[in-house]
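Numbering (the numbering used here), first residue to last: 737 to 910.
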């Protein structure tokens, strides 16, 4: 009887250990996000485009985007090197200041055309909207979008769709 109890306890301990394994190593975003106001100032000073991640704490796909795409080493490195990464919680009370006006995050998202979460907004060096990318995007596809914006293909009359479908090249080394 004691042997059976010890076996059951050992089995339970093994199950708990396996179930808990990897929790400390759970993938988290490797991007050093900043607030919109801080990011807008930095983007202007450094002459870089902004990547604005619109999210909410309750949004499942936002969490997946963080875990799968923004935790990808290559994707995070590309963002940190070429963009000013900004994160906007649409439920936050922090005011967003842009164009001499102040907006609640949800109103700002709506003004840009965000219709769902997550949505990645790309803004040029002047803070003007380049494109919105709604929903969860796999790391490989997101890298293509990052290259499209970095290479300023939108200024060369190449649509994002044509670029992604490889119908047109904008000469940026894609």
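Each residue gets a CB set at the ideal place from its N, CA and C atoms; glycine is no exception. None of the values given here were measured: they were computed from a predicted structure.
Measuring CB to CB, does residue 770 end up less than 7 Å from residue 822? Stepping through the chain shown from its first residue, residue 770 is reached at position 34. Stepping through the chain shown from its first residue, residue 822 is reached at position 86. It is a contact, given that the beta carbons lie within the stated cut-off.
Can you tell me the Cα-Cα spacing of residue 810 and residue 873, whole angstroms? Within the chain shown, residue 810 is the residue found at index 74, counting from 1. Within the chain shown, residue 873 is the residue found at index 137, counting from 1. Residue 873 has its alpha-carbon roughly 14 Å from the corresponding atom of residue 810.
In the DSSP output, which residue or residues are listed as bridge partners for residue 791? Taking the chain shown and counting its residues from 1, the one referred to as residue 791 is at position 55. Looking at the DSSP assignment, residue 791 forms a beta bridge with 825.
On the CB-based measure, 16 or more other CB atoms within 10 Å of its CB, does residue 767 come out buried or exposed? As a first step, residue 767 must be located in the chain shown, where it is residue number 31. Classification for residue 767: buried.
Helix, strand or coil for residue 765, going by three-state DSSP, please let me know. Position 29 of the chain shown, counting from 1, holds the residue named residue 765. Coil.
When you compare each of 849, 886 and 869 to residue 819 by their alpha carbons, which one comes out closest? Here residue 819 is taken as the residue at index 83 of the chain shown, counted from 1. Just measuring C-alpha positions, the residue of 849, 886 and 869 sitting nearest residue 819 is 886.
Where residue 765 falls, given that 16 or more other Cβ within 10 Å makes a residue buried: Walking along the chain shown from the start, residue 765 turns up at place 29. Classification of residue 765: buried, given that the 10 Å Cβ count is 16 or more.
From 867, 892 and 894, residue whose alpha carbon lies closest to that of residue 789: The residue given as residue 789 occupies position 53 in the chain shown. Closest by alpha carbon: 867.
Measuring CA to CA, which of 807, 835, 891 and 869 is closest to residue 854? Mapped onto the chain shown, residue 854 falls at position 118. Of the candidates 807, 835, 891 and 869, the one whose C-alpha sits nearest the C-alpha of residue 854 is 869.
Within the chosen definition, does the stretch 800-816 reach the stretch 837-846 through at least 3 CB pairs nearer than 8 Å? Contact between the stretch 800-816 and the stretch 837-846 is absent, with fewer than three C-beta pairs closer than 8 Å.
At the level of alpha carbons, what is the spacing between residue 835 and residue 876? The sequence position of residue 835 within the chain shown is 99, counting from 1. The sequence position of residue 876 within the chain shown is 140, counting from 1. Answer to the nearest angstrom: the Cα atoms are 34 Å apart.
Taking C-beta to C-beta, are residue 848 and residue 856 nearer than 7 Å? One-based indexing of the chain shown puts residue 848 at position 112. One-based indexing of the chain shown puts residue 856 at position 120. Cβ atoms of residue 848 and residue 856: not closer than 7 Å.
What whole-angstrom Cβ distance do residue 786 and residue 859 have, given they're in contact under 8 Å? In the chain shown, the residue the question calls residue 786 occupies position 50. In the chain shown, the residue the question calls residue 859 occupies position 123. Contact holds; Cβ gap of about 4 Å.
Any Cβ of chain D within less than 7 Å of the Cβ of residue 828? Within the model displayed, chain D is absent; a lone protein chain is all it includes.
With a threshold of 6 Å, establish whether the CB of residue 794 neighbours any heavy atom of the ligand MN. The ligand content of the structure shown is nil, which means the ligand MN is not present either.
Residues near residue 852 by beta carbon distance below 6 Å, same chain, minus five either side: For this step, residue 852 is matched to residue 116 along the chain shown. Cβ within range, chain order: 870.
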